[in-house]
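**Student:**
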Amino acid sequence: MIKKYWSGIAASLVVFCLFLVSISVFLRVYQTGPFEIYLFNWFSVGDFSVSWGLLFDTLSALMFMMVTGVGFLIHIYSIGYMHDDPNRGRFFWYLNLFIFFMLTLVLSNNFLSMFVGWEGVGLCSYLLIGFWSSNKDYLIAAKKAFVMNRIGDLGFILGLLVMILTFGSVQFGIVFSQAGLLPIGHISVVLIAILLFVGATGKSAQLPLFTWLPDAMAGPTPVSALIHAATMVTAGIYMIARSHAIYALAPDVLTVVLWVGVATAVVGAIIALRQSDIKKVLAYSTVSQLGFMVAALGAGGTHAALFHMVTHAFFKALLFLAAGSVIHGMGGEQNMYKMGGLRKLQPITFAVFLVGALALSGCPPFSGFFSKDAILLAIYQVSPWAFGVLIGVSVLTAIYVARLVFLVFFGPLRSDVHVHESPLIMTIPLVFLAVLAATAGIYHPEFEWVMVIITVSALAMIWWVTYSRYAVQVKDDRSDGFMSLDVVYSAVIVRPILVIARGLSTVMDQIVLDTAAKELGQTVVQSGESLRRMQSGSIGFYLWMITASVAVILIGLSIWPF
Amino acid sequence: MALLALLALPLIGVFGLLIFKSRWIAVAVSALTVVMTVIIGRYPELLSFFTSISLPSFAVTPLGLLMLILTSVIVLAIVLASDDSPGFLAIILGIQAALFGVFCAQNGLLFYMFWELTLIPAFFMILGWGTGDKVRIAIRFLLYNLVGSFALLTVILYLFLQTHSFAFTDWMAAPLPLASQVWVLIGLFVAFGIKLPLVPFHRWQPETYECLPRSGSMLFSGLLSKLGVYGMLMLMVPLVPHALLVYRPIVLGIVVMSVLYASLVALAETGFKRIVATVSIAHGSLLAAGIFALTPMGIQGSIAQIVAHSLVVAALFLCEPRIRSHFYLGALFLVVLGSIGLPLTIGFIGEFLILLGISQFSLVYAGLAGISVILGAWAMLTLYQSVQSSTEGTYEFSFSEDIVVITLIAAIYILGIFPSVVLI
Amino acid sequence: MIPTYSYLVLGCILFSIGTLGVLIRRNVVIVLMCIELMLNAVNLILVSVCEPVFVFFIMMVAAVEVSVGLALIARVYRKFGTTDISTFGQLKG
Amino acid sequence: MSDIFFWVFSVMAVVSALSVVLNRNPIYSVLSLIVCFFSIAGHYVLMGALFLCAVHIVVYAGAIMVLFLFVIMLMNLKDVPEFVSKWWHFGAAGAAVAAMVFGLATHLFQSYNPRVIGDMQLKPIAQALFTTYAVPFELSAILFLSAVIGVVALGKSE
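Going down the list, the sequences are from chains A, B, C and D.
Residue numbers are given in the numbering used here: position 435 of the first sequence equals residue 604, and the series is strictly consecutive.
Residue numbers are given in the numbering used here: position 84 of the second sequence equals residue 102, and the series is strictly consecutive.
Residue numbers are given in the numbering used here: position 77 of the third sequence equals residue 1017, and the series is strictly consecutive.
Residue numbers are given in the numbering used here: position 79 of the fourth sequence equals residue 67, and the series is strictly consecutive.
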């Protein structure tokens, strides 16, 4: 028993200890304010130097707690979920590595070591998406995630370069205090802001770089919950929130951020409406919710964005884990059209899923309502148009969530697997997360009663309409290729790059350059051939040539002396 | 005296190998060179301790010392990991001797002599131990490199005529007019660009690496290509600073184009060695870009990247056989990460500082060069995944190969966390 | 007294006559003699600038050259039956 | 006095040199060459290089010219065409020679510096040969030896 689970237990214990540390850190920050720990100098070149250090303030302590808390629950869950996988040791190793890099990301006191974590979580994401490496599609999905993240990372790096050129440092304190001295709209600051945002679009799956996230669902479900819902994808949000001092100086960039977020929310929600794979629905939902957060950041609602990030971490992790429980019970099946009626077969899973679903749709007592409310409020103050669009997205959210719930848990079971409830080790973390998802909102209990009434009635109507459509009589409206940007990217970017690559390799390398080299060689050989004819064997001619050459050299020397 | 011993040691190893035909001689000699170079690095006063035999044309500069240590370490790795015949190991030690000469020479004539001396054993290595169409490949290798050598020789003779001296110090002291600096710049660019190689002088490189046995590829990619970079840092930058500054947009443009070109071509290549070779062109070009940005950051980054690239590419070629064991897949993956410049590897320090150096000149060039970060990751991950999912796998690694791989990987990562050792 | 450049002029004249002979004669023995003439022209100039040691060495080399050259000519004559320089075409590339 | 001798020897040298080149009969050429060498020896005397004059006569007139005579007499050279066949060969040769001499002269006239002849006595030459030029001197001995061996090897019938 222990032997089988020791890797998982050890990994979970590590994260649990970190969670305890995070609580104490949070309390200390709460009581005495932010503090920094200097570790050691990383490298210094000229007067530019980077050191390793930890920064604990409210933001990083919150992230610290969230990452380790959710991470711990997911670790526990994974012990059950991965119990018969032969490579589970490696799995927990990767998970712990992920926690390490995520903490590097959120606790760093400078942008460069933050970038270390940033790349590190991308690496772990790659490893975990491609965890089942015998499936080639999974490997391709992993590679896609990594490469698309690298596109964003290039933006991040360039942003760092401009930052170093402008401020001569990557230290948060120095950068932000020096940025404060610059005027609003200063070109360097705008450039930094826009380039860092490119990085965030990669990591936080914003338009146009979000297509890796749905593919990333190839990884084991706890990975989807931890990395691709709760923590890693919020890194972009964290980074923008962290550097709000810079963004505050670039209002035009903030507008871009707002509308990118809104567009992402719309696209994600629309695509989620037509998916058949339970995890893909949740993935697009994550894209859409991240769009909400980014839009909030764009509207200057940093607190709202972070609040939603925390509640989203709870309820989306919950949803993913519950979906994992469903998949586990269904024996690996992910197609919702083959599920149905699971509420009786998996009652605990159903209950917690429902909590998560309600929180995601923004139903009042649950956390999602409060955070989404905060976001909408923040956006309304900046752009009523964006506000209107996002209201529409909220409606779409409620629809796809309802569709998901009804397809999976209501109606008859549409396949002949023997469904069983998941073991306790999986359901206990679910219950914990459900409690958190339900109650996390009360820490920020500011709301309008009007909103409550409107939301509840709208939700009731949506659920009533969708019930008949997906629970009573299943309407098969799946459309997995719907609005697939992948096709576009493949046609517009990937394929041309490969064509250019092959063209360079065949036309340029093998034809032009090789022919040029060959021609050069041929010319030399041919001139040798023609010079050879001068070597006639006639001694008289040689003597004449010697004399003439001496004459030429001597006269040449007198004309052009060295 | 110590320097003389250092220069002579590989040669003694060559003769020892030819006489006794035991690979342990090679191991012992290369281990001894590592110890000696490290001691020289630690106690530079040893160089002037025995003044009775002085070599006025040889000296150890900080960059030269780094190259010496790198050379001896990589040669030790190659020798330890190889199971090749004594003749082959003798060739490797012969090349090492020539490399030591290049890295110590403070005199154009000696520099050129040792530079050429690397070619002869290299040529015979291809001819004797290559696979495939080796005669054609060897001749092509030789012709390309001789064109470079010819350019180098022309420049050296020109500088001699200008200064009546072969000493580097005299060359640096002589102020050349801009017009002649441009010609020197072109000559040296061709000479070092072929060695590195840069696009469009690169066509000899992929097939040469492909044709060579594993140890040979490690040596060529890890050390011989560094001759070009060393020359750029040692000769080009101090000799023609004015011309480089004036024509920086063009020179840097060519080099950045070379980075992009090679990164793209790597996507179209097939076969482990060819992909690694092509990515290696991209990395080498990035290195050159760091130098030609002519900023302190870029040059520092290039120096870090020299170390990074040598370690990474040697480790990559070492892992070249298709292996299915988890240990080697893991090792290969760690090396691939080093190759794509993930943070915490020395490759990241190099690439970041190079990009920083370029961006101090122009952010657009930095962005263009940075695209190789994406394309390189794409190519290397494709490569890794093809190894991961291939079903071949017969080669068993020996214990000493294990040690070498682990050491190289450890070096890549430890230097990534504590890079101040290589930032000279 | 003898003009300053007189020996130089004389040497040049003799040298050019010797060269001309090398170029226009076909008998290889005569060609060799013309080469001796050229060497002597050089010797003359060298003596006039007081370089006796070089003259000494040139004489040595000339002696060697003539003996070996004549031996070669004899050999060639035995092989081809002639000393006509235009019939020797074996130095072809 | 020496002026007269200079002119006499000069005219003799040039005329005999021309006769070497232009004579159809090789025997006459050899004899003219001897005359030429003697007139050059006369110049040496004029310049005060008595030792060199002696060596010159011994080596050239005594050894080399005898060799030439031997060879010419041993071979039947009757049917050899003595001059190049085409007219333009003369022209080309003349042009090349003229160009070369012109080139030579332009260089030499810049640096020509006639010296006092009195230095060229036997003792300084011997001293120079056995001290400063000892190594070339020994090398020339080896050269002679190899020439002897080479000539014997060449002269041996197959």
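Using N, Cα and C, we set each Cβ at its ideal position, and we do this for glycine too.
Less than 8 Å between the C-beta atoms of P126/B and W189/B, yes or no?
**Tutor:** Within the second sequence, residue 126/B is the residue found at index 108, counting from 1. Within the second sequence, residue 189/B is the residue found at index 171, counting from 1. The question names Pro, but residue 126/B is Gly in the sequence shown. The answer is yes: Cβ separation under 8 Å.
**Student:** L441/B lies in the alpha helix (DSSP H); which residues open and close that run?
**Tutor:** Reading the second sequence from its first residue, position 423 is the one you call residue 441/B. Element bounds for L441/B: n/a, residue is neither H nor E.
**Student:** Counting only runs of 4+ residues fully inside the stretch 237 to 281 of chain A, write out the alpha helix (DSSP H) ranges in chain order.
**Tutor:** 257 to 276
**Student:** Which residue's Cα is closest to the Cα of S506/A: V577/A, G672/A, L459/A and D542/A?
**Tutor:** As a first step, residue 506/A is located in the first sequence; it is residue number 337 there, counting from the start. The displayed chain sequence assigns Tyr, not Ser, to residue 506/A. Out of V577/A, G672/A, L459/A and D542/A, V577/A has the C-alpha closest to the C-alpha of Y506/A.
**Student:** Below 8 Å on the Cβ atoms is my guess for A384/B versus L327/A; work out the distance and round it to an integer in Å.
**Tutor:** Within the second sequence, numbered from 1, the residue matching residue 384/B stands at position 366. Within the first sequence, numbered from 1, the residue matching residue 327/A stands at position 158. Right, the Cβ-Cβ distance comes to about 7 Å (below 8 Å), so this counts as a contact.
**Student:** For F345/A, which residues from the same chain have a beta carbon less than 8 Å from its beta carbon, with the 5 sequence-adjacent residues on both sides left out?
**Tutor:** Sequence index remark: in the first sequence, residue 345/A carries index 176 (1-based). Only S412, A414 and I415 meet the Cβ criterion.
**Student:** Since I109/B and P139/B are thought to touch, with beta carbons under 8 Å apart, how far apart are those beta carbons, to the nearest angstrom?
**Tutor:** In the second sequence, the residue the question calls residue 109/B occupies position 91. In the second sequence, the residue the question calls residue 139/B occupies position 121. Right, their Cβ atoms sit about 4 Å apart.
**Student:** Can you name, in chain order, every residue of its own chain whose Cβ lies under 8 Å from the Cβ of C983/C, other than the five neighbours on each side?
**Tutor:** For the purposes of this step, residue 983/C is identified with residue 43 of the third sequence, where counting begins at 1. Just to set this straight, residue 983/C is Asn in the shown sequence, not Cys. So the qualifying residues of the chain are V995, I998 and M999.
**Student:** Taking K448/A as the reference, give the member of M462/A, V392/A and Q375/A with the closest Cα.
**Tutor:** If you number the first sequence from 1, residue 448/A lands on position 279. The shortest C-alpha separation from K448/A is found at V392/A.
**Student:** Comparing the C-beta of I708/A with each C-beta of chain C, is any distance below 8 Å?
**Tutor:** Here residue 708/A is taken as the residue at index 539 of the first sequence, counted from 1. Residue contact check for I708/A against chain C: a CB pair falls below 8 Å.
**Student:** Sort out for me which residues DSSP pairs I206/A with in a bridge.
**Tutor:** Working through the first sequence from its first residue, we reach residue 206/A at position 37. Note: I206/A sits in a beta bridge opposite L223/A.
**Student:** Just how far apart, CA to CA, sit P267/B and G316/B?
**Tutor:** Translated into positions along the second sequence, residue 267/B becomes position 249. Translated into positions along the second sequence, residue 316/B becomes position 298. Cα to Cα, P267/B sits roughly 15 Å from G316/B.
**Student:** Could you spell out the range, first to last residue, of the alpha helix (DSSP H) harbouring R158/B?
**Tutor:** As a first step, residue 158/B is located in the second sequence; it is residue number 140 there, counting from the start. It spans K152 to T181 - the alpha helix (DSSP H) in which R158/B sits, taken as one unbroken run.
**Student:** Report yes or no: is there a C-beta of chain C within less than 8 Å of the C-beta of R716/A?
**Tutor:** Walking along the first sequence from the start, residue 716/A turns up at place 547. First, the residue type needs correcting, since residue 716/A is Thr and not Arg in the sequence shown. True, the Cβ-Cβ gap to chain C drops below 8 Å.
**Student:** How many Å lie between A179/A and P104/B at the Cα?
**Tutor:** On the first sequence, residue 179/A is found 10 positions in, with the first residue counted as 1. On the second sequence, residue 104/B is found 86 positions in, with the first residue counted as 1. Each residue's Cα considered, the two are about 50 Å apart.
**Student:** Please list, in chain order, all residues of the same chain as L360/A whose beta carbon is under 6 Å from its beta carbon, the five residues on each side excluded.
**Tutor:** The residue you call residue 360/A lines up with position 191 of the first sequence. V331, listed in sequence order.
**Student:** Between A417/A and L374/B, what straight-line distance do the alpha-carbon atoms span, to the nearest angstrom?
**Tutor:** Locating residue 417/A in the first sequence gives position 248, where the first residue counts as 1. Locating residue 374/B in the second sequence gives position 356, where the first residue counts as 1. The alpha-carbon atoms of A417/A and L374/B are separated by roughly 25 Å.
**Student:** Quick one: does G610/A have its CB under 8 Å from some CB of chain B?
**Tutor:** Sequence index remark: in the first sequence, residue 610/A carries index 441 (1-based). At a cut-off of 8 Å between beta-carbon atoms, G610/A makes no contact with chain B.
**Student:** Identify which residue in S302/A, L689/A and V183/A has its Cα closest to the Cα of N265/A.
**Tutor:** Counting from 1 along the first sequence, the entry for residue 265/A is found at position 96. Looking at the Cα atoms, V183/A is the closest of the given residues.
**Student:** Tell me the rounded alpha-carbon separation between S128/D and V1001/C.
**Tutor:** For the purposes of this step, residue 128/D is taken as residue 140 along the fourth sequence, with counting starting at 1. For the purposes of this step, residue 1001/C is taken as residue 61 along the third sequence, with counting starting at 1. Roughly 8 Å separates the two Cα atoms.
**Student:** Let's test the definition: count the other Cβ atoms within 10 Å of the Cβ of K144/D and tell me whether it reaches 16, buried, or not, exposed.
**Tutor:** Numbered from its first residue, the fourth sequence carries residue 144/D at position 156. By the 10 Å Cβ count, K144/D comes out exposed.
**Student:** Taking the runs of the alpha helix (DSSP H) that are 4 residues or longer, which of them lie wholly in the stretch 253 to 327 of chain B?
**Tutor:** 259 to 264, 266 to 286 and 290 to 310
**Student:** Would you mind telling me which residues of chain A sit closer than 8 Å to S438/B, beta carbon to beta carbon, in chain order?
**Tutor:** If you number the second sequence from 1, residue 438/B lands on position 420. Those within 8 Å of S438/B in chain A are N210, F212 and S213.
**Student:** Assuming F1020/C is part of the alpha helix (DSSP H), what are its boundary residues?
**Tutor:** Your numbering for residue 1020/C matches position 80 in the third sequence. Per DSSP, the continuous alpha helix (DSSP H) segment holding F1020/C begins and ends at P992 to F1020.
**Student:** Report, in whole angstroms, the separation of the C-beta atoms of V987/C and M35/D, which I expect to be a contact under 8 Å.
**Tutor:** Indexing the third sequence from 1 puts residue 987/C at position 47. Indexing the fourth sequence from 1 puts residue 35/D at position 47. Between M35/D and V987/C the Cβ distance is about 6 Å, and since that is below 8 Å, they are a contact.
**Student:** At a CB-CB cut-off below 7 Å, which residues of chain D make contact with M978/C?
**Tutor:** Counting from one through the third sequence, the residue named residue 978/C turns up at place 38. Ordered by position in chain D, no residue passes the 7 Å Cβ test against M978/C, which lies about 10 Å from the chain.
**Student:** CB P592/A to CB G258/A, shorter than 8 Å?
**Tutor:** Looking up residue 592/A in the first sequence gives position 423. Looking up residue 258/A in the first sequence gives position 89. Result no, Cβ atoms of P592/A and G258/A do not sit closer than 8 Å.
**Student:** Just mark T69/B as buried or exposed, buried being the case when its beta carbon has 16 or more other beta carbons within 10 Å.
**Tutor:** Counting from 1 along the second sequence, the entry for residue 69/B is found at position 51. Below a pLDDT of 50, predicted positions are generally treated as unreliable, and T69/B, at 48, falls in that range; no measurement from the model is reported.
**Student:** Rounding to the nearest angstrom, what Cα-Cα distance links F97/D and G951/C in this structure?
**Tutor:** Residue 97/D sits at position 109 when you count from the first residue of the fourth sequence. Residue 951/C sits at position 11 when you count from the first residue of the third sequence. Cα to Cα, the separation comes out at about 12 Å.
**Student:** Tell me the residue span of the alpha helix (DSSP H) that contains D542/A.
**Tutor:** In the first sequence, counting from the first residue as 1, residue 542/A sits at position 373. Where D542/A is concerned, the enclosing alpha helix (DSSP H) stretches over S536 to V551.
**Student:** On the CB-based measure, 16 or more other CB atoms within 10 Å of its CB, does P113/A come out buried or exposed?
**Tutor:** The question about residue 113/A has no answer here: the residues shown for chain A are numbered 170 through 731.
**Student:** Is it the case that the stretch 425 to 436 of chain A contacts the stretch 480 to 488 of chain A, given that we only count it when at least three CB pairs across the two stretches are under 8 Å?
**Tutor:** no
**Student:** If you measure from the beta carbon of S727/A to each beta carbon in chain D, is any gap under 8 Å?
**Tutor:** As a working note, residue 727/A is residue 558 in the first sequence. True, the Cβ-Cβ gap to chain D drops below 8 Å.
**Student:** Quick one: which chain A residues come within Cβ less than 7 Å of V85/D?
**Tutor:** Looking up residue 85/D in the fourth sequence gives position 97. Chain A residues near V85/D: T716.
**Student:** Looking at chain A, which residues of the stretch 943 to 971 of chain C have a Cβ within less than 7 Å of any of its Cβ atoms?
**Tutor:** Look at the stretch 943 to 971 of chain C: the residues with a C-beta under 7 Å from a C-beta of chain A are T959, V962 and L963.
**Student:** Using a Cβ cut-off of 8 Å (strictly closer), state whether V993/C contacts chain D.
**Tutor:** Within the third sequence, residue 993/C is the residue found at index 53, counting from 1. Closer than 8 Å to some Cβ of chain D, the Cβ of V993/C qualifies, so yes.
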